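Note that the numbering used here has the sequence shown beginning at 94, numbered continuously upward. Idealized CB from N, CA, C, for every residue including glycine. Remember, predicted model here, so these are calculated numbers, not experimental data. First the structure, in the form of structure tokens, and then the observations on it.
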Amino acid sequence: MPDHGFETLAIHAGQDPDTATGAVVVPIHATSTYQQDGVGGLRGGYEYSRSANPTRSALEECLAALEAGSRGLAFASGLAAEDCLLRAVCRPGDHVVIPDDAYGGTFRLFARVLERWGLSWTAASLDDVDAVRAAVRPGETKIVWCETPTNPLLGVADIAALSGIARDAGALLAVDNTFASAYLQQPLALGADVVMHSTTKYMGGHSDVVGGALVVADVELGERLTYHQNAMGAVPGPFDSWLVMRGLKTLAVRMERHCDNAERVVELLRAHDAVTHVLYPGLAEHPGHEVAEKQMRRFGGMVSFRVRGGEEAAVAVCNRARLFILAESLGGVESLIEHPGRMTHASAAGSPLEVPGDLVRLSVGIETIDDLLADLTQALAEA
Ligand SMILES: Cc1ncc(COP(=O)(O)O)c(C=O)c1O
């Protein structure tokens, strides 16, 4: 469906009415295996649900359409998607460049799992193009791993500039697009080779499923990843695939409201005495604002801020919030608050990716904005 708009693709790509019954919504194909018409006589190419399942195939087609790639692949989690990509592309002895601010679990995968497997890494500040160029080792670096905006400091990397550096070094640029979602940012169009999502977040959008995705432009890379997806086996079941697909249908309208609400939250935080810094790429004074403006449709629903009273005060703000639920994860319709240093990024303590103790991260949901502002005002009152 090449000529259709994003919202149309989100609702229709891969989701034609069911040919057997006319069902308008893709059925949940709860089956592990498929009858063959004689040995090797597959109907529609399905033989076993680790390799392919029609509900998952519909999701994968939709993911490819939304990121304008040639192939979409769905996984049991974002980390399963990352692991599949890294082990499909790299071998022991290879090198990767990773961001000096990223999701703590991504860092843990590189530093505690794949390093033992023989993959070395260098952390670089991705908003500094020269630092990335210096970190890349031509011939040895196989992937430049980019997260933009970053979790939790909301740093911004210039995807087009990094894709040039990666290409010159013979490496792939992989972009974790979880914070922006496919609606706000399209990394493949900016020169990235692979887009990765934790579909647990905005793509699913309702905090009811854990999932991951990869989308690639190159057909051969898509085939290599499909082979590894089946060979490694970390696939989502049909119900989880269906939940993500249902979430995608409303991604565009949800993201617009997430952005509207986040902008109002940023206004409140900037004017508050208890807050020393507000981290949001939409702010003109954000160091990555110009790049974000160039490569993002809007600036997203994630907002981080630093509390004047230090770590204990930041923890107390998290504990006092009521409507903002104290929880890990992000990107759902409900607002969440967390202390990255003690929660999502605890595994990065003592590493180049350690986060400041006075930092609070908000995932601004789509509730009535006045209720969100009132809750933050009371949570910050004693800070
Ligand atoms: C930016 C980012 N990337 C990747 C992941 C990992 O995804 P999952 O939790 O679905 O494995 C997360 C999870 O929080 C994340 O925030």
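{"query": "Whole-angstrom distance between T215 and A224, CA atom to CA atom", "result": "11 Å"}
{"query": "R209, buried or exposed, once every other Cβ within 10 Å from all chains shown has been counted against 16", "result": "exposed"}
{"query": "Distance, A367 Cα to W335 Cα", "result": "43 Å"}
{"query": "7 Å CB neighbourhood of V182 in its chain, flanking five on each side removed", "result": "K235, I236 and L265"}
{"query": "Coarse secondary structure for T470, derived from DSSP in three states", "result": "helix"}
{"query": "CB-CB length for L429 against A420, believed under 8 Å", "result": "5 Å"}
{"query": "Among E475, S422, G98 and E460, the one whose alpha carbon lies nearest that of G198", "result": "S422"}
{"query": "Separation of V309 from L376, as counted between CA atoms", "result": "31 Å"}
{"query": "The region 150-168 contacting the region 266-282, beta-carbon criterion three pairs below 8 Å", "result": "yes"}
{"query": "The region 444-453 contacting the region 406-418, beta-carbon criterion three pairs below 8 Å", "result": "yes"}
{"query": "Rounded separation between V229 and F272 - CA only", "result": "25 Å"}
{"query": "Buried or exposed by the 16-neighbour rule on C-beta atoms within 10 Å, applied to H321", "result": "buried"}
{"query": "Extent of the continuous beta strand (DSSP E) to which K235 belongs", "result": "T234 to E240"}
{"query": "Alpha-carbon spacing of G393 relative to P120, whole angstroms", "result": "32 Å"}
{"query": "G304 versus G330: straight-line alpha-carbon distance, rounded", "result": "10 Å"}
{"query": "The region 111-125 touching the region 133-149, judged by at least three CB pairs closer than 8 Å", "result": "yes"}
{"query": "For E153: DSSP bridge partner residues", "result": "Paired residues: none, contrary to the question."}
{"query": "Residues that S291 bridges to, as DSSP identifies them", "result": "G305"}
{"query": "Option nearest R357 by Cα separation, candidates E386, L455 and G326", "result": "L455"}
{"query": "R399 burial status per 10 Å Cβ neighbour count (16 or more: buried)", "result": "buried"}
{"query": "Inter-residue spacing [alpha-carbon to alpha-carbon] between D130 and D111", "result": "21 Å"}
{"query": "N-terminal and C-terminal residue of the beta strand (DSSP E) that G107 is part of", "result": "Element bounds for G107: n/a, residue is neither H nor E."}
{"query": "Closest residue to M395 among K387, V249 and A474 (Cα-Cα distance)", "result": "V249"}
{"query": "Buried versus exposed, by CB contacts within 10 Å (16 or more), H97", "result": "exposed"}
{"query": "Backbone CA spacing between A204 and A267 [nearest angstrom]", "result": "17 Å"}
{"query": "Under the three-state DSSP convention, the category D187 falls into", "result": "coil"}
{"query": "Whether P433 touches P242 by CB criterion (7 Å)", "result": "no"}
{"query": "The beta strand (DSSP E) enclosing G165, as first and last residue numbers", "result": "R164 to F168"}
{"query": "Residue of A262, A103 and S291 minimising C-alpha distance to A167", "result": "S291"}
{"query": "Coarse secondary structure for V358, derived from DSSP in three states", "result": "helix"}
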